[in-house]
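In UniProt numbering, the protein residues as written are 1 to 263. Each residue gets a CB set at the ideal place from its N, CA and C atoms; glycine is no exception. As the structure is a computational prediction, the values presented were derived from the model and not from experiment.
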């Protein structure tokens with residue numbers, strides 16, 4: 001075959017994954033739990049664990065004031081679908097065999113309550129997120145990836161100890177507002193999304209953007225992206241569907257290497 005014989009493949013014949021649609025609530029619940037377990041494994045692989053701190057939650061598709069979450073004190077690297085616990089609006093475990101992290105309930109319950117559009121929320125004490133949070137500053141538009149958060153994240157400019165009261169969680173949710181992320185001063189990062197995949201991806205890329213900002217500023221004067229171009233780039237890469245798409249290669253990787261997480 002000569003080059004002159006080659007014809008473009010019609011775009012509608014090229015493979016491109018899209019978010020799945022579900023026939024039953026049971027099918028959607030299983031799907032969310034599988035993605036939640038995979039996201040937790042990835043957080044473990046990326047080194048986002050700090051003892052028992054850190055949690056990702058996924059709203060139950062049927063009982064929408066309940067959420068699935070990782071058990072207290074279990075390594076991200078070990079979590080399976082069968083380990084996940086379901087917590088009600090009062091912080092009680094209604095399905096599962098383990099305790100809930102009270103900080104997870106105090107923060108995430110208020111976020112889920114304040115944001116009906118949010119399916120999942122992610123928080124951990126990752127190194128670069130903690131480091132940037134100690135500066136009490138926002139992410140700057142220094143890189144293309146950081147523009148996903150341009151005018152779309154906030155600073156919770158307070159620290160009063162470990163979050164164990166829902167009132168503190170309510171204040172964090174208020175600071176988050178309609179954004180996809182909030183930097184908790186002297187604490188770390190919190191991200192949300194309309195899918196587990198999006199929430200997890202925003203956390204991963206936000207942590208890396210924190211690292212890039214810290215490294216760049218340590219090296220010397222920085223050149224920020226202009227307001228106009230940062231806004232444009234946010235419009236291109238800052239929506240939850242793009243977050244979902246970016247998570248797919250990581251999902252493929254962890255499902256191939258850790259298939260037992262689906263147990």
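With respect to the beta strand (DSSP E) encompassing residue 123, which residues constitute its N-terminal and C-terminal limits? Stepping through the chain shown from its first residue, residue 123 is reached at position 123. That run of the beta strand (DSSP E) goes 120-124.
Residues of its chain near residue 230, where Cβ-Cβ distance is below 6 Å and the 5 sequence neighbours each way are ignored: Locating residue 230 in the chain shown gives position 230, where the first residue counts as 1. Closer than 6 Å at Cβ, skipping near neighbours: 141, 147, 150.
Report the residue ranges of all beta strand (DSSP E) runs contained in full by the region 35-91; include only those spanning at least 3 residues, in chain order. 55-59, 67-69, 85-87
Rounded Cβ spacing between residue 261 and residue 38 (contact assumed at less than 8 Å): Within the chain shown, the letter at position 261 stands for residue 261. Within the chain shown, the letter at position 38 stands for residue 38. About 6 Å; that satisfies the 8 Å criterion.
Taking only three categories from DSSP, how would you classify residue 153? Translated into the one-based positions of the chain shown, residue 153 becomes position 153. The answer is strand: DSSP assigns residue 153 an E or B state.
Should the region 215-223 be regarded as contacting the region 174-191, the criterion being three or more beta carbon pairs within less than 8 Å? no
Tell me whether residue 196 sits in a helix, a strand or coil according to DSSP, three-state version. For the purposes of this step, residue 196 is identified with residue 196 of the chain shown, where counting begins at 1. Residue 196: helix per DSSP, three-state reduction.
Beta bridge counterpart(s) of residue 188 as assigned by DSSP: By 1-based counting over the chain shown, the position of residue 188 is 188. According to DSSP, which records beta bridges pairwise, residue 188 is partnered with 184.
The region 182-201 / the region 121-137 touching (three or more Cβ pairs under 8 Å): yes
Using three-state DSSP, classify residue 95 as helix, strand or coil. Your numbering for residue 95 matches position 95 in the chain shown. The answer is strand: DSSP assigns residue 95 an E or B state.
Out of 85, 155, 212, 31, point me to the one whose CA is closest to residue 143's CA. Taking the first residue of the chain shown as position 1, residue 143 is located at position 143. For residue 143, the nearest C-alpha among the options comes from 212.
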